[in-house]
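Student: Here's a structure for you.
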Amino acid sequence: MFENLKIQPEDKIMALMSLFKADKRDTKIDLGVGVYKNNVGQTPIMDSVKKATAILNDTQKTKSYVGLSGNLGFIDKISELVLADVVDNNRIIGAQAPGGTGAFHQLLLLIRSMENENQIWISSPSWPNHAAILKHLGMQFSSYNYFDHKTCEVNFSRMMSDLEKMNYGDVLLLHGCCHNPTGANLNLEHWLELTKLCEKKNILPLIDLAYQGFGDGINEDVLGVQHMASKLPELCIGVSCSKNFGLYRERVGASLIVISDKENRKIAEDNLKSFNRVTFSFPPDYGASIVDIILRGDTPESMGLKKLWEKELNGMRDNMLELRKLLSASLRMTTNSNRFDFIERHKGMFSLMGLSITQVEELRKGFGIYMVGDSRINIAGLNKSQIEYFSSSVASVI
Ligand code: LMR
Numbered sequence: 242m243f244e245n246l247k248i249q250p251e252d253k254i255m256a257l258m259s260l261f262k263a264d265k266r267d268t269k270i271d272l273g274v275g276v277y278k279n280n281v282g283q284t285p286i287m288d289s290v291k292k293a294t295a296i297l298n299d300t301q302k303t304k305s306y307v308g309l310s311g312n313l314g315f316i317d318k319i320s321e322l323v324l325a326d327v328v329d330n331n332r333i334i335g336a337q338a339p340g341g342t343g344a345f346h347q348l349l350l351l352i353r354s355m356e357n358e359n360q361i362w363i364s365s366p367s368w369p370n371h372a373a374i375l376k377h378l379g380m381q382f383s384s385y386n387y388f389d390h391k392t393c394e395v396n397f398s399r400m401m402s403d404l405e406k407m408n409y410g411d412v413l414l415l416h417g418c419c420h421n422p423t424g425a426n427l428n429l430e431h432w433l434e435l436t437k438l439c440e441k442k443n444i445l446p447l448i449d450l451a452y453q454g455f456g457d458g459i460n461e462d463v464l465g466v467q468h469m470a471s472k473l474p475e476l477c478i479g480v481s482c483s484k485n486f487g488l489y490r491e492r493v494g495a496s497l498i499v500i501s502d503k504e505n506r507k508i509a510e511d512n513l514k515s516f517n518r519v520t521f522s523f524p525p526d527y528g529a530s531i532v533d534i535i536l537r538g539d540t541p542e543s544m545g546l547k548k549l550w551e552k553e554l555n556g557m558r559d560n561m562l563e564l565r566k567l568l569s570a571s572l573r574m575t576t577n578s579n580r581f582d583f584i585e586r587h588k589g590m591f592s593l594m595g596l597s598i599t600q601v602e603e604l605r606k607g608f609g610i611y612m613v614g615d616s617r618i619n620i621a622g623l624n625k626s627q628i629e630y631f632s633s634s635v636a637s638v639i
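Okay, so the sequence shown: first residue is 242 according to the numbering used here, each after it adds one.
In structure tokens:
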């Protein structure tokens, strides 16, 4: 039977992880998968997470099932973190999912089940797994221009002219902040324009929010999303806590829906539960309960954990911003040009370097520098002592 299996398409980011692992060179640098690393190359467990984990281990009395939507306290706190108070609480429906990918998948199941024959519009480029999941689910999608390879910024006018082609009821996939893979982001004006377009064409935004706090600030990063949520009757948000809580392997995520129609709220909520049931039954609880303890801070032991978490997250962001500054200055020197100045303007973990596949290969083979084939770098994969080596290597292949 198994001879009938087809070879599955390889995920570029996962393939790179294996190549890096197999490389024996001491000088190798991993700028591939989006995992935050500190200045000594470690991905530490945040102190706030360690403290909340200890509280959870001490106080949890059972490991019995929670429910198909998972920890509802966590859902409330995540909704508050993302949407603050811009929409009425009873317009928000949520369910836990295993990571941001899980949330994205579950929201797509929900959208597919509406049978609207709607197209999903995704940015070109986008996180490769977006298209992979859409294909896996047999869902139709089109791409819209997003990134200008010349300026390395968002080409908003081309984006808007592509989006004018959307039909009534289509779905618009947006990155909430810190665009992956480009690092070029929409500003608030852009979000305002997009909101108007969604209103005009009755478009359902589907927002992938995986890097809140990694761009401009914990609240600043969701101002665009909040604007949309305050103006539109409906939207979906897939939230990940992998990066901003450093809980990668615990798979912590939430599928959130903002809905205005009272009649349909219960149905939408039951749908989320039902899709969880048929996909994985109960969502994983451990990581979500840790996040819940941190954000709630309502016991003498957990009080202050939210502040500590904010401080740690702000520290990660400051470190990435400093790396961006240092890297673009160093590349200015080694290449004797301002070609890479955009790195300082980009936000979040990633930047598309604008190198060819051959140059990316040369960096990998000749210098042990690993970046995704489209030349996406994870800025947090660098540490300060590697900047000079990295920029002189780049200068030697361009
Ligand atoms: C990435 O883009 O590197 C991260 O989101 C990790 C992943 O699962 O691809």
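By construction, the Cβ of each residue, glycine as well, lies at the ideal position given by its N, Cα and C atoms.
Checking 8 Å against the spacing of the C-beta atoms, do ASN370 and ASP252 come in under that value?
Tutor: By one-based count along the sequence shown, residue 370 stands at place 129. By one-based count along the sequence shown, residue 252 stands at place 11. The answer is yes: Cβ separation under 8 Å.
Student: Starting from ILE528, trace the alpha helix (DSSP H) both ways and give me its first and last residue.
Tutor: Here residue 528 corresponds to residue number 287 of the sequence shown, with the count starting at 1. Correcting the residue identity first, residue 528 is Gly in this sequence and not Ile. Where GLY528 is concerned, the enclosing alpha helix (DSSP H) stretches over 527–537.
Student: Need the endpoints of the alpha helix (DSSP H) that LEU404 sits in, please.
Tutor: On the sequence shown, position 163 is the one that residue 404 refers to. From DSSP, the alpha helix (DSSP H) with LEU404 extends over 397–404.
Student: When you measure from the CB of ASN370 to every non-hydrogen atom of the ligand LMR, does any distance come out below 7 Å?
Tutor: Numbered from its first residue, the sequence shown carries residue 370 at position 129. Because some heavy atom of the ligand LMR lies under 7 Å away, the Cβ of ASN370 counts as near it: yes.
Student: For ALA529, count neighbouring Cβ atoms within 10 angstroms of its own Cβ and tell me buried if that reaches 16, exposed if not.
Tutor: Translated into positions along the sequence shown, residue 529 becomes position 288. So ALA529 ends up on the buried side.
Student: So, do the stretch 520–538 and the stretch 305–320 have three or more beta carbon pairs nearer to each other than 8 Å?
Tutor: They touch, by the three-pair rule.
Student: Is it buried or exposed, TYR306, if we count other Cβ atoms within 10 angstroms and call 16 or more buried?
Tutor: Taking the first residue of the sequence shown as position 1, residue 306 is located at position 65. Label assigned to TYR306: exposed.
Student: May I ask you to verify whether the stretch 355–369 touches the stretch 417–435, counting CB pairs closer than 8 Å and requiring at least 3?
Tutor: Contact holds: three or more Cβ-Cβ distances are below 8 Å.
Student: Any idea what DSSP makes of TRP432, helix, strand or coil?
Tutor: Indexing the sequence shown from 1 puts residue 432 at position 191. It is helical.
Student: Whose CA, out of MET557, GLU585, THR520 and ARG558, lies closest to the CA of LEU378?
Tutor: Mapped onto the sequence shown, residue 378 falls at position 137. It is THR520 whose Cα lies nearest to the Cα of LEU378.
Student: Determine contact between the stretch 293–303 and the stretch 435–447, defined as no fewer than three beta-carbon pairs at a distance below 8 Å.
Tutor: Output reads no: the stretch 435–447 does not touch the stretch 293–303.
Student: Which first and last residues belong to the alpha helix (DSSP H) in which ALA336 is found?
Tutor: The residue labelled residue 336 in the question sits at position 95 within the sequence shown. Segment 333–338 is the beta strand (DSSP E) holding ALA336; no alpha helix (DSSP H) there.
Student: Helix, strand or coil: how does DSSP classify CYS477 here?
Tutor: For the purposes of this step, residue 477 is identified with residue 236 of the sequence shown, where counting begins at 1. Here CYS477 sits in strand by DSSP.
Student: Helix, strand or coil for TYR385, going by three-state DSSP, please let me know.
Tutor: The sequence position of residue 385 within the sequence shown is 144, counting from 1. Note: TYR385 maps to strand in three-state DSSP.
Student: Buried or exposed: HIS346, going by 16 or more other Cβ atoms within 10 Å of its Cβ?
Tutor: The count along the sequence shown starts at 1 and reaches residue 346 at position 105. Answer is buried; the Cβ neighbour count reaches 16.
Student: Does the stretch 613–624 come close enough to the stretch 268–279 that 3 or more CB-CB pairs lie under 8 Å?
Tutor: Enough Cβ pairs lie closer than 8 Å, so yes.
Student: For the alpha helix (DSSP H) holding ASN505, just list the boundary residues, first then last.
Tutor: Here residue 505 is taken as the residue at index 264 of the sequence shown, counted from 1. First-last of the alpha helix (DSSP H) with ASN505: 503–520.
Student: Using the three-state DSSP reduction, which class does TYR611 fall into: helix, strand or coil?
Tutor: In the sequence shown, the residue the question calls residue 611 occupies position 370. Correct three-state label for TYR611: strand.
Student: Go ahead and pull the three-state DSSP assignment for ASP264.
Tutor: Along the sequence shown, one-based indexing puts residue 264 at 23. Coil.
Student: If you follow the beta strand (DSSP E) that ASN619 is in, where does it begin and where does it stop?
Tutor: The residue you call residue 619 lines up with position 378 of the sequence shown. 617–619 is the extent of the beta strand (DSSP E) around ASN619.
Student: With DSSP as the reference, please indicate the residues paired to HIS416 in a beta bridge.
Tutor: Within the sequence shown, numbered from 1, the residue matching residue 416 stands at position 175. In DSSP, HIS416 forms a bridge with ASP449.
Student: Buried or exposed: PRO339, going by 16 or more other Cβ atoms within 10 Å of its Cβ?
Tutor: Position 98 of the sequence shown, counted from the start, is the residue given in the question as residue 339. The residue in question, PRO339, is buried, as its Cβ has 16 or more Cβ neighbours within 10 Å.
Student: Are there 16 or more other CB atoms within 10 angstroms of the CB of PRO199, so buried, or fewer, so exposed?
Tutor: The question about residue 199 has no answer, for the chain in this structure spans 242 to 639.
Student: Roughly how many angstroms lie between the CA atoms of VAL493 and VAL532, to the nearest whole one?
Tutor: Here residue 493 refers to the residue found at position 252 of the sequence shown. Here residue 532 refers to the residue found at position 291 of the sequence shown. Each residue's Cα considered, the two are about 9 Å apart.
Student: At what residues does the alpha helix (DSSP H) containing GLY314 begin and finish?
Tutor: Translated into the one-based positions of the sequence shown, residue 314 becomes position 73. Start and end: 313–324.
Student: With DSSP run on the structure shown, which of helix, strand or coil describes ASP208?
Tutor: Examination of residue 208 is not possible in this model, given that the chain is present from 242 through 639 alone.
Student: Helix, strand or coil for ILE363, going by three-state DSSP, please let me know.
Tutor: Residue 363 sits at position 122 when you count from the first residue of the sequence shown. It is a strand residue.
Student: With respect to the beta strand (DSSP E) encompassing SER499, which residues constitute its N-terminal and C-terminal limits?
Tutor: What you label residue 499 is simply residue 258 of the sequence shown in a count that begins at 1. Per the sequence shown, the amino acid found at residue 499 is Val instead of Ser. Its beta strand (DSSP E) spans residues 494–499.
Student: State buried or exposed for ASP462, treating a residue as buried only when at least 16 other CB atoms are found within 10 Å of its CB.
Tutor: Here residue 462 refers to the residue found at position 221 when the sequence shown is read from its first residue. Under this definition ASP462 is a buried residue.
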